[in-house]
Every structure is written in structure tokens, then in C-alpha cells.
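Trainee: In this text, residue positions in the sequence shown follow my numbering: the first is 6, and each later residue adds one.
To start, I am sharing the structure in question, which I have written as C-alpha cells.
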Amino acid sequence: MSRKITARVPASTTNLGPGFDVLGLALKLYSTITLEITGNDTEVVVTGVDADKIPSSTEHVAYQAVESIYTRSGTPVPNGLKLSISNGIPAIRGLGGSGTAILGGMLTANVLCGHPFTNADILDFATAIEGHPDNVAASLYGGLVISMQEDEHIHTIKLHCDPSLHIVLAIPEFTLSTKKARDILPKTVNFTDAIYNISRSSLLIASIATGKLENLSLAMTDRLHQPYRSSLIPGFDDVVDAAISAGALSIALSGAGPTIAAYCLENIETIGIQMHEAFKGHNINCEIKTLTPDIDGSLVSIKDD
6 MSRKITARVP ASTTNLGPGF DVLGLALKLY STITLEITGN DTEVVVTGVD ADKIPSSTEH
66 VAYQAVESIY TRSGTPVPNG LKLSISNGIP AIRGLGGSGT AILGGMLTAN VLCGHPFTNA
126 DILDFATAIE GHPDNVAASL YGGLVISMQE DEHIHTIKLH CDPSLHIVLA IPEFTLSTKK
186 ARDILPKTVN FTDAIYNISR SSLLIASIAT GKLENLSLAM TDRLHQPYRS SLIPGFDDVV
246 DAAISAGALS IALSGAGPTI AAYCLENIET IGIQMHEAFK GHNINCEIKT LTPDIDGSLV
306 SIKDD
């Protein structure tokens, strides 16, 4: 009897303005990762969105995540592993695609190894590969997740978002590497800016927890990363202005960008149209996706043949 393990992992949008490397929100947009032992040659198959931008080889981060679970558990890597990735998340756009791949590889391998690790362990391991916990924590647990790292361990709290909250994503056709988006950041920040972000991120968490979404316009402003990263995205200010003018509660870069996320309760279609037109005014094509928060996080299923 062979086992086919499948993980459905949601995308994430992170930072949400002031919560740099701390806040992540899972979204109802998914990639599916399936792992099985075929006994044939080792194989990595990638299909779906932006498959041409993702390696179909053992260099794929999801396969490296699989191997890391076998190594950590002391289980020999079997011959004939087949890893199939059905990608539903635009790649290198600030939507946590690499985090979903890492989690998918680890969660499926953990089952084949006999469940030696808890989800908390998986989060620690995934963060070690990803470099920061915000994306992987949100995609693993669902909802809005606050993450804190101490030594090698990640501490998290999950909040549920008001289901009426919609996130309108303007996803430009160009990509932006996380490395480039981090390299542009200053090496130090001043005391005033640090306090500014602490107060906004605290207000943001409290507003989500209490359902006072009217505070988002104040709570999602930032001084630590967006003023620098926005220079890498032509038309950023015009897209922000268009979304706010059309009725968005707030707007922020999704992760490192270039995707821009508008948070709204009404005028949802109009907001998407106006964001698209603003990018078009800078000769940039973009895809508009309207999503709601995912609350379930990663789901793993097992099929025995």
C-alpha cells in the first residue's frame, strides 16, 4: 500500500503596514503540495500559476524542506520520492509563496516519517529556512497571527478577523525579490519612528481583536519599510490614493511587494478597478484579486492506494 500525502496551504499577506516581520494574515488563495513514494526516480513536478518561474527540480525549496524533515527525524530519505506542486499563488509578489512551499514540503514529509514533529516544531523549522516567521506562521495556523522569535523558537497568537473584511490585491506583472526589498532598508531607525510603528501595530492588533475596523486607516501606517520599498514600485502613491479615494479603509504593501493590498468593507469592485487604472497610468499591467481571510490554515489529507 502506498500513501499520498497532500497539504493545502494558504497564501499570506504580511507586515500589514507597521507589523514588520511580526504580523501575517492568511488568505483564501492556495497552493497544494503532494508527496508520495513511487519507487521510481526522484521527481519534482510544478504546475499552475507562474510555474515557469519555479524550479521543477530538487533545487525547489519545497523538496529541500522535505529532506530537512527526514534529516531532523533521523529517517533515511527513500528512493523514488515524487513531489507535486499545484501552485495557486503568484510567485515573487509578496504573497508568501516560498513559505507555502516550505510548509507543504515539511507537513507532508512529517506524515510519511510518522508524525515525529508538532506544528510548533514545523513552524520553528520553516522559519529557519524562510528567515522570518510572519508568512509561515499565518499560512500554518490561519487568521491573523502575531509572531515573536526567541532563540530558535517562535511564539504565536492567532486572531480571527471579521469575515466582512475583504482584501483587494493589485498584483503587478513584474516581480520583486525579498532580498532586493530588504537591501533598500536602512540599517538603523530613529526612536521616534520606532515608537510610531509600535503604537500603530498595537492599535492594529487591538482593532482586529475587538472588531473596530474603522481604526485601520490610522493603524496601518508605517515608517520602517514602506517609505523605502515604495520607491521600487512605480505608481505606488497613485495606487494608494486611488484605493483610498474609492473607499478603502487602508492600504499596505503585501509583504515585501510589489503586490499592494487594500482592506475594505464596501465598494470592493470599484476599489479594484481604480487600483488597476492607477497602475495602468504608469504602463504597468496588474491582476486584481479580491480575497477574504483564511481561518483554517494548512490542511493535510492522506490517501492510501
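All C-beta atoms, glycine included, are put in the ideal place defined by N, C-alpha and C.
May I have the straight-line CA-CA distance separating Ser313 from Ile238, to the nearest angstrom?
Mentor: There is simply no residue 313 to check, as the chain begins at 6 and stops at 310 in what is shown.
Trainee: Could you round the C-beta distance between Leu270 and Leu164 to whole angstroms and report it? I think they count as a contact, below 8 Å.
Mentor: In fact, because the Cβ distance is near 18 Å, the residues do not count as touching under 8 Å.
Trainee: Starting from the Cα of Gly277, find the closest Cα among Leu149, Val173, Ile59 and give me that residue.
Mentor: Nearest C-alpha to Gly277: Val173.
Trainee: Determine the closest residue to Arg77 out of Tyr146, His120, Val14, with distance taken between C-alpha atoms.
Mentor: His120
Trainee: Under 8 Å by Cβ, that's how I've got Ala186 and Gly262 pegged, so tell me the actual separation to the nearest angstrom.
Mentor: About 6 Å separates the CB atoms of Ala186 and Gly262; that is less than 8 Å, so the two are in contact.
Trainee: Kindly give me the distance between the Cβ atoms of Thr113 and Ala12, rounded to whole angstroms, as I take these residues to be in contact under 8 Å.
Mentor: 5 Å
Trainee: So what does Lys294 bridge to, in DSSP terms?
Mentor: Beta bridge pairing from DSSP links Lys294 with Leu174.
Trainee: Compare the Cα-Cα distances from Gly22 to each of Ser222, Asp243, Ile249 and report the closest residue.
Mentor: Comparing Cα positions, the closest option is Ser222.
Trainee: Just reading off the beta strand (DSSP E) that Asn124 is part of, what are its end residues?
Mentor: Following the DSSP letters along the chain, one finds Asn124 in no beta strand (DSSP E) but inside the alpha helix (DSSP H) bounded by residues 124–135.
Trainee: Quick one: Cα of Ala81 to Cα of Val66, how far?
Mentor: According to the sequence displayed, residue 81 carries Pro and not Ala. Each residue's Cα considered, the two are about 19 Å apart.
Trainee: Could I get the ranges of all uninterrupted alpha helix (DSSP H) runs contained in the region 30–107, with 4 residues as the minimum, in chain order?
Mentor: Fully enclosed alpha helix (DSSP H) runs of 4 or longer: 66–78.
Trainee: Is the region 177–192 touching the region 98–105 in the sense that three or more CB pairs, one from each, lie closer than 8 Å?
Mentor: yes
Trainee: Using only the alpha-carbon positions, how far apart do Ser207 and Met225 sit?
Mentor: 10 Å
Trainee: Going by DSSP, name the residue or residues bridged to Leu149.
Mentor: Leu30, Leu164
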